[in-house]
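Chains as they are written, first to last, in the working numbering: chain Y, 1 to 141; chain E, 142 to 282. Even glycine gets a Cβ: it sits at the ideal position worked out from N, Cα and C. Owing to the predicted nature of the structure, the values given are computational and were not obtained by experimental measurement.
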DNA sequence: ATAAATGCAAAGCATTTGCAGTAAA
DNA sequence: TTTACTGCAAATGCTTTGCATTTAT
């Protein structure tokens, strides 16, 4: 994860390198588990006991707005966060909720008419299914 | 929308054709607006004033489980419901939240290794961007 | 010194649930 | 008559917000 968002720029708010933010960034760095805010709160609280939920959410929202972090909507129960902002897709096990990265570039295009009416910013492919662990365990819901 | 879920079958719960459910199904039939539970509640309440939120949610969950309805997670703020259960994708305007169907079949495959470890049930492509109306209005957030 | 972040608790929404009464089968 | 649904209100869970205090710059 880069740290561009901490650099001072004229006429834009300055992002302060607080220990809480650094702890969150550190936890997220290279993390491919697509944690929820609660996961992040629990993990970071261990090392930083005064951490509050408000700070976790404030930080995540700030990072998401600055493009340092991707908010995933693939889990219907809660937002998940992905420090990998490169183009990639996801696969979710509908039994256990585990999310896995699909690193390959999949080229998808909009049909012509829509493409003309719409300024396309990006796309995301969601794959749904059962992971091998859940299948082995015989889970059905 | 079909009505298979109302047919009586041994050893499976029977779905009763209550006026509330029929009103919801009627509202949803052919509806391409991808309404939220609240949208549905407000629309159906007009014609059926005693409708409650609990009934809307119970019905939507029942229909989703029976496969009569698709729950969309594309909107981070709330679930959206789609009576069109055929394979198709969606495009969301990140400014106004409008969701549009992408009727074309887009073929997307999982890389081999993952495909072996995962029982694939389906996939869904989300397109993000700005719709022409928002662009014309000069919206930026 | 100043602007911004923290942490707490309260508030805000979306969604679910328990339960007594009601209606479909 | 039996089983399931409705509607209410309360509860739950995730996320946001107001505000006084603290901290990075």
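- Within chain Y, the residues 131 and 132 have their CB atoms less than 8 angstroms from the CB of residue 258 of chain E, given in chain order.
- Straight-line spacing of the CA atoms in residue 68 of chain Y and residue 22 of chain Y works out to 13 angstroms.
- By the Cβ neighbour-count rule, residue 114 of chain Y is buried, with 16 or more other Cβ atoms within 10 Å of its own.
- For the 7 angstroms CB-CB criterion, residue 231 of chain E and residue 126 of chain Y do not form a contact.
- Flagged as an interface residue toward chain E: residue 120 of chain Y, by a C-beta distance shorter than 7 angstroms.
- In the same chain as residue 85 of chain Y, and ignoring 5 residues on each side of it, the C-beta atoms closer than 6 angstroms to its own belong to 70, in chain order.
- Sixteen is the threshold: when 16 or more other Cβ atoms of the shown chains lie within 10 Å of the Cβ of residue 259 of chain E, as they do, the residue is buried.
- Positions of the beta strand (DSSP E) runs, each at least 3 residues long and wholly inside the region 201-271 of chain E, are given as 211-213, 221-223, 230-234 and 240-243 in order along the chain.
- The alpha-carbon separation between residue 138 of chain Y and residue 13 of chain Y amounts to approximately 51 angstroms.
- Contact between residue 160 of chain E and residue 189 of chain E holds, since their C-beta atoms are separated by about 7 angstroms, short of 8 angstroms.
- Taking CB atoms only, residue 194 of chain E has no neighbour in chain Y less than 7 angstroms away.
- For the pair residue 168 of chain E and residue 52 of chain Y, the Cα-to-Cα distance works out to about 43 angstroms.
- The beta carbons of residue 270 of chain E and residue 121 of chain Y sit closer together than 7 angstroms.
- For residue 127 of chain Y, a Cβ of chain E is located within less than 7 angstroms of the residue's own Cβ.
- When DSSP reads this structure, residue 177 of chain E sits in a beta bridge with E:221.
- Look at the region 192-221 of chain E: the residues with a C-beta under 8 angstroms from a C-beta of chain Y are 212, 214, 215, 216, 217 and 220.
- Counting along the chain, the unbroken alpha helix (DSSP H) around residue 27 of chain Y starts and ends at 19-28.
- Interface criterion met: the Cβ of residue 249 of chain E is under 7 angstroms from a Cβ in chain Y.
- DSSP places residue 172 of chain E in the coil class of the three-state scheme, outside both helix and strand.
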